[in-house]
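Here the structure comes first, spelled out in structure tokens, and everything after it is commentary.
Protein chains: 2
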Amino acid sequence: MLYFCGMLRAAFEQLVKLEDAEWADAESRFKTISFVKDQLLTREGEIEPYFYFVKSGVHSMYYLSPDGDETILGFSFTGNFSGAYDSFSTQTPSRLYIQALTSGEAFAITYADMSYLFDRYKNFERWGRLFIQHILFGRGRREIEMLSTSAEERHKAFVARMPQELQQIPLRHIASYLNMTPETLSRLRAKR
Amino acid sequence: MLYFCGMLRAAFEQLVKLEDAEWADAESRFKTISFVKDQLLTREGEIEPYFYFVKSGVHSMYYLSPDGDETILGFSFTGNFSGAYDSFSTQTPSRLYIQALTSGEAFAITYADMSYLFDRYKNFERWGRLFIQHILFGRGRREIEMLSTSAEERHKAFVARMPQELQQIPLRHIASYLNMTPETLSRLRAKR
DNA sequence: TGTATTTCTTGATTTGTATCAAGGCACGCC
DNA sequence: GGCGTGCCTTGATACAAATCAAGAAATACA
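Written as structure tokens, this is what we have:
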């Protein structure tokens, strides 16, 4: 698999076209970090230090309830942005965990640098608005899907659009994301 | 109840401080509309014409499933912004309904005018980002609350922070919002 | 290659909530 | 004031999914 240098810029420009100069300024502020399978990038109570873009691998974002069971709220695959935006944007302790489900690499930018880009360039300010909008509308679609389809249909639809990468991820993570027990998901699978 | 002329500006300035000139430009673009109990402001399939600010009364936003039952996704009370943001922002058909649960009034702005403000003033662009962020983080909190607490605790918490106005709204709407049948909610209430 | 550990499947039972059904209460209207 | 129409409550039953419990399969690792 190849990761072209334009990958990050292209991801930004899906929402807003950038000028070369402002992109150069932005790009220099990202650093590459690497992560290994099962590594926790952010823990509950910590302030999210980075906003990420996944170059390779998979991240999950989950909530750990007081009685100890985790609920996965979302995945970030190669080519997605990632991180606990909430904690990052407000610089307050996170209620979520960010965990790598595979090894891989990501671009990372700090809050100070991101704020600088928002302050300095209207294009980035707009990108920020459109990005958050994109996340919000995605959540909305998911919410409606959850309401309008049965557990079985939901699972079928999920499997259909599930990236290759997820195929080799433990079933319990997928069950957690679909808000059901691994047993239930296993039975759903067997039913066809 | 009194609605001061500064109400709308104050709502904007909770997120970003505005200059007098830009506020004057913005304010002139809002018009006041009034609505009556049960009025549908936006229907599924329509493009949301306005972004609203509720001066008085209550709006609900709901999804109507193919088999005809509605799920309330949120309420907007006096002093809240309202509308199908998704449809408004993307100018595509709405999947949601916006309905007045009481009579009242709202400020309304069109997509063209809102876009003008975003294009023209960096402060509004930023306001847009922070506003969407606010909505997103609110949804996140609700999602976590739904996952980490039982139906009973959820209902208790909801009643506790429920604005005065909701007290006189039919139980079935609240049940719908809490994603349970009116019977279940009634039984939960009786249990204390 | 063999053993340990994790992950997945399958079965039996319990539980929470929906559904179906009927009765009570309250408010508006003639 | 009596009556009708919503709205809420209460009861009986049904059902989907969770839980509890083993065992099978796959994977990691020595």
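Sequences listed follow chains Z and U, in order.
Here the first sequence stands for residues 1 to 192, where the numbers follow this note's numbering.
Here the second sequence stands for residues 1001 to 1192, where the numbers follow this note's numbering.
For glycine and all other residues, C-beta sits at the position ideal for the given N, C-alpha and C.
Taking Cβ-Cβ distances below 8 Å as the criterion, which residues of the segment 1113-1142 of chain U are in contact with chain Z?
F1118, K1122, E1125, R1126, G1128, R1129, I1132, Q1133, I1135, L1136, F1137, R1139, G1140
Go through its chain and collect everything with a Cβ distance to L1096 of chain U's Cβ below 6 Å, but skip five positions before and after it.
M1061, Y1063, A1084
Between U:P1163, U:K1017, U:S1056, which has its C-alpha nearest I1033 of chain U's C-alpha?
U:S1056
Should A175 of chain Z be labelled buried (16 or more other beta-carbon atoms within 10 Å of its own) or exposed?
buried
Anything in the segment 1065-1084 of chain U with a Cβ closer than 8 Å to a Cβ of chain Z? List those residues in chain order, please.
S1065, P1066, T1071, L1073
Taking Y63 of chain Z as the query, report the chain U residues whose CB atoms sit under 9 Å from its CB, ordered along the chain.
E1143, I1144, L1147, S1148
Compare the C-beta of E1089 of chain U against all C-beta atoms of chain Z and say whether one is closer than 8 Å.
The sequence shown places Ser at residue 1089 of chain U, rather than the Glu named in the question. S1089 of chain U counts as touching chain Z.
For R95 of chain Z and chain U, any beta-carbon pair shorter than 8 Å?
yes
Straight-line Cα distance separating D69 of chain Z from L15 of chain Z
36 Å
Please report whether the beta-carbon of D1025 of chain U lies at a distance below 8 Å from any beta-carbon of chain Z.
no
Alpha carbon to alpha carbon, what distance is there between L188 of chain Z and R1126 of chain U?
45 Å
Short Cβ contact (8 Å threshold) for F51 of chain Z with I132 of chain Z:
no
With burial defined as no fewer than 16 other Cβ atoms inside 10 Å of the residue's Cβ, what is the status of V1058 of chain U: buried or exposed?
buried
Inter-residue CB distance, F1035 of chain U and L1166 of chain U (contact presumed, cutoff 8 Å)
Incorrect: roughly 17 Å between the Cβ atoms, too far for contact.
In chain U, which residues lie with their C-beta within 7 Å of the C-beta of D86 of chain Z?
F1137, G1140
Would you tell me roughly how many angstroms separate the C-alpha atoms of L1009 of chain U and A151 of chain Z, rounded to the nearest one?
The amino acid occupying residue 1009 of chain U in the given sequence is Arg; Leu does not appear at that position. So the two alpha carbons sit approximately 45 Å from each other.
Please list, in chain order, all residues of the same chain as N1080 of chain U whose beta carbon is under 6 Å from its beta carbon, the five residues on each side excluded.
V1054
Going by beta-carbon coordinates alone, are I1169 of chain U and L1101 of chain U separated by less than 8 Å?
yes
Assess, as a yes-or-no matter, whether the segment 1177-1191 of chain U is touched by the segment 1152-1162 of chain U under the definition of 3 or more beta carbon pairs within less than 8 Å.
yes
Selection from U:T1149, U:D1067, U:P1182 that minimises the alpha carbon distance to T149 of chain Z
U:D1067
On the CB-based measure, 16 or more other CB atoms within 10 Å of its CB, does G1006 of chain U come out buried or exposed?
exposed
C-alpha distance - T1181 of chain U paired with H1173 of chain U, whole-angstrom precision:
10 Å
Taking 7 Å as the limit between beta carbons, can you name the residues of its chain near P93 of chain Z, skipping five residues before and five after?
G45, E46, I47, S87
Judging by CA-CA distance, which residue of U:L1178, U:D1020, U:E1013, U:F1077 is the nearest neighbour of P1163 of chain U?
U:F1077
Name the DSSP beta bridge partners of E1105 of chain U, please?
U:S1034, U:S1056
Measuring CA to CA, which of U:L1171, U:R1120, U:S1065 is closest to W1023 of chain U?
U:R1120
Sorted by chain position, which residues of the same chain lie with C-beta nearer than 7 Å to R43 of chain Z's C-beta, five sequence neighbours on each side aside?
Y97
If you check the beta carbons only, do T71 of chain Z and L1147 of chain U fall under 8 Å apart?
yes
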